[in-house]
Amino acid sequence: MILFSEQFVDSIRSAVMAALLTQYFNIAFLMAKPQDLPAGSNQLTIALSLSFTSYVLASLTHYGFAQSVGTAFVDLALSGLLIYVALVALGRTERFYQAYGALAGAGAVLNTAAIPLFLVRSEEQASLTAGLADFVLLVWSLSLLAHVIRHTFEVRMLFSVVLAFCYFLFVVSLLSTLWPPDVTFESDELSNFQSLGYRWWESV
């Protein structure tokens, strides 16, 4: 009886996890909203764990462990802080778990998709192909962030896109200050959302 109960609980947990991962996938492809996620700390914990792990793994394709962990921590902490402050200012703190969980969970999907692209990339590969891959990932990332902003704060799409781009510039400049690309990095290729802007940032 006890064994049956444990198996039943495990099956329920597996089903819940599968449903949660499906929601993250749908949000990543703009087919679902943050409000479709469970409003609780457990969901957010799972999302942050997935996002942090995938972020570090993506960064490790080109950079050291300390660098990868540092950028992942700064990125996730900053995005969470800004979302929380904005929601407090608007009196909508009840949306925090869903909004932050959506951004982190869907971001994990994006990071995971980016990993194989950067693993197979070689220095001899045509720069046009590499640049196109970076551009696609960057547009996807900005679209995801704008999507979360739009549904969380109930603003127009154009305004959410502007906010997403401003956030992108801010984070890229911050990470560039903390870890200058021309000093710390041996390659100018990165494999996560904010870091994709380093190459663009150096050209302006």
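Start counting the sequence shown at 352; every next residue gets the next number (the numbering used here).
Beta carbons are placed, not taken as given, at the ideal position from N, Cα and C, and that holds for glycine.
Please read all numbers here as calculations on a predicted model, not as lab measurements.
- Below 8 Å, can you find three or more Cβ-Cβ pairs linking the stretch 454–463 to the stretch 404–415? yes
- Excluding five sequence neighbours on each side, which residues of the same chain lie with their C-beta closer than 6 Å to the C-beta of residue 398? 452, 455 and 456
- Task: May I ask you to report which of helix, strand or coil DSSP gives residue 368?
- Result: helix
- Item | Beta-carbon contacts of residue 375 that lie in its chain and below 6 Å, excluding the five residues immediately before and after | 456, 457 and 460
- Query: Do residue 424 and residue 438 have their CB atoms nearer than 9 Å?
  - Reply: no
- Item | Close beta carbons around residue 501, own chain, < 7 Å, minus the five adjacent residues each side | 508 and 511
- Task: Report buried or exposed for residue 542, applying the criterion of at least 16 other Cβ atoms within 10 angstroms of its Cβ.
- Result: A caution first: residue 542 carries a pLDDT of 36, below 50, which makes its placement in the model unreliable, though a value can still be read off. The residue is buried, with at least 16 neighbouring Cβ atoms inside 10 Å.
- Can you tell me which of the three DSSP states residue 413 falls into? coil
- Item | Selected residue, minimal CA-CA separation from residue 440, among 396, 504 and 402 | 504
- Item | Length of the line joining the Cα atoms of residue 426 and residue 522 | 7 Å
- If you count every other CB in all the chains shown that lies within 10 Å of the CB of residue 492, and 16 or more means buried, which is it? buried
- Message: Would residue 438 pass as an interface residue toward chain B - the criterion being a Cβ-Cβ separation below 9 Å?
- Response: Absent here is chain B; the protein component of the structure consists of one chain.
- Query: CB-CB under 7 Å to residue 514, same chain, minus the five flanking residues each way: which ones, in chain order?
  - Reply: 500
- Give the straight-line distance between the Cα atoms of residue 475 and residue 404, rounded to the nearest whole angstrom. Note on residue 475: pLDDT 47, under 50, position unreliable in the model; the coordinate value appears next. Near 29 Å, if we compare the C-alpha coordinates of residue 404 and residue 475.
- Task: Can you give me the Cβ contacts of residue 498 inside the same chain, cut-off strictly under 7 Å, excluding the 5 residues immediately before and after it?
- Result: 381
- Message: For residue 482 and residue 362, what's the separation of their Cα atoms in angstroms?
- Response: 43 Å
- Task: Report yes if the CB atom of residue 383 is closer than 9 Å to the CB atom of residue 377, and no otherwise.
- Result: yes
- Message: Quick check: the Cα distance between residue 449 and residue 373, rounded to an integer number of angstroms?
- Response: 15 Å
- Look at residue 422 and residue 526 and say whether their C-beta atoms are less than 9 Å apart. yes
- From residue 445 to residue 391, what distance separates their C-alpha atoms? 9 Å
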